[in-house]
Amino acid sequence: MKKAFVFPGQGAQFVGMGKDLYENSAQCRDMFERANDIVGFRITDLMFAGTPDDLKQTKVTQPAVFLHSVIMAKYLGDQFQPDMVGGHSLGEFSALVAAGAMDFDDGLRLVSARANAMQKCCELRPSTMAAIVKLDDKTVEDVCAAVTEEGFLVVPANYNTTGQLVISGTVEGVAKASDRLKELKGRALPLAVGGAFHSPLMEPARVELAQAIEATNFHQPICPCYQNVNALPVSDPAQIKENLIKQLTSPVRWTATVQNMLKDGAEEFIEVGPGTALQGMIKRIDPQANAHSAL
195 MKKAFVFPGQ GAQFVGMGKD LYENSAQCRD MFERANDIVG FRITDLMFAG TPDDLKQTKV
255 TQPAVFLHSV IMAKYLGDQF QPDMVGGHSL GEFSALVAAG AMDFDDGLRL VSARANAMQK
315 CCELRPSTMA AIVKLDDKTV EDVCAAVTEE GFLVVPANYN TTGQLVISGT VEGVAKASDR
375 LKELKGRALP LAVGGAFHSP LMEPARVELA QAIEATNFHQ PICPCYQNVN ALPVSDPAQI
435 KENLIKQLTS PVRWTATVQN MLKDGAEEFI EVGPGTALQG MIKRIDPQAN AHSAL
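In case it helps, the working numbering puts the sequence shown at residues 195 to 489.
What follows is the structure in structure tokens.
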């Protein structure tokens, strides 16, 4: 039976995440303590006993979700034997580390650099995201293109499931696109995010992160990694790097990723990390899919 291990992104965090791993395993505890040293503050305090607002800060959320996911994969031991891996946005970094394409320390440094660079972008210009449901992708793409043509940037950002696409852009662009999509019988749900992730507004962060990625050693992973930018399996370290650099300003092609994993023989999807969001998405993409949590 081919197993696909999948890793969640920003938004999956919750207070108390990872505390059981810290308390139940000396190896996990060592990894968490090493992480505190690398990020330069006690992120474990915020993960285990902080407030939801503490965890919502991008500079905390991203390393926190990454840590929970990667340390859980390590905790699984021999149960972690993937035929393929993939991650949603930030989760791609977790997937790559779990599959051996990057060392734990390097992965955490990159995730922290990514979070800080994105936080700066969020502060540069007011921007936001919204989830659009009940419409096909082409309709949403056409409306985004028309609004952008009028001078209000908005683009498709996350192709999450059939009939659910997240748009991203300036506050005005997202508002105008949302209004038009509602007129077409869609629903627009504003997201509580700090900025326009996976849009051209993240270009300064992409440039900053590209330097950090280029300076990091990547290895051949133990199995193919399905990357966000093209939804295809990749094993070549140079190609993985290139796709990872493009990721910040490109849409997350999650629907196509799951469809490609299924086409390539995935019979079981195992979500590693906080929450159950990916399982829900996978079952909406294919109601027959076998998807569950790792623990």
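Ideal placement from N, C-alpha and C gives every residue a C-beta, glycine not left out.
- Residue environment: residue 245 is assigned as exposed (fewer than 16 neighbouring CB atoms within 10 Å of its CB, all protein chains considered).
- In the structure shown, the three-state DSSP call for residue 414 is coil.
- Taking C-beta atoms as the reference points, residue 446 and residue 283 count as a pair closer than 8 Å.
- Residue 202 carries a coil assignment under DSSP once its states are collapsed to helix, strand and coil.
- Contact between the region 405 to 423 and the region 434 to 446 is present, with at least three C-beta pairs closer than 8 Å.
- DSSP places residue 465 within a strand segment (E or B) once states are collapsed to three.
- The alpha helix (DSSP H) runs of length 4 or more contained entirely in the region 371 to 405 do not exist; there are none.
- Within the same chain, 323, 325, 351 and 352 come within 6 Å of residue 360 by CB-CB distance, once the 5 residues on both sides are set aside.
- With contacts defined by Cβ atoms closer than 8 Å, residue 367 and residue 391 do not form a contacting pair.
- Residue nearest to residue 195 within the set 462, 477 and 474 is 462 (criterion: CA-CA distance).
- Rounded to the nearest angstrom, the gap between the Cα atoms of residue 389 and residue 251 is 11 Å.
- Residue 202 sits close to residue 263, with the two beta carbons spaced by under 8 Å.
- Distances from the CA of residue 395 to each of 311, 290, 269 and 276 were compared; the closest alpha carbon is that of 311.
- Scanning the region 417 to 489 for uninterrupted beta strand (DSSP E) segments of 3 residues or longer gives 460 to 465 and 485 to 487, listed from N- to C-terminal end.
- In the three-state reduction of the DSSP assignment, residue 276 falls in the coil class.
- Nearest to residue 313 by C-alpha distance, out of 223, 291, 337 and 253, is 253.
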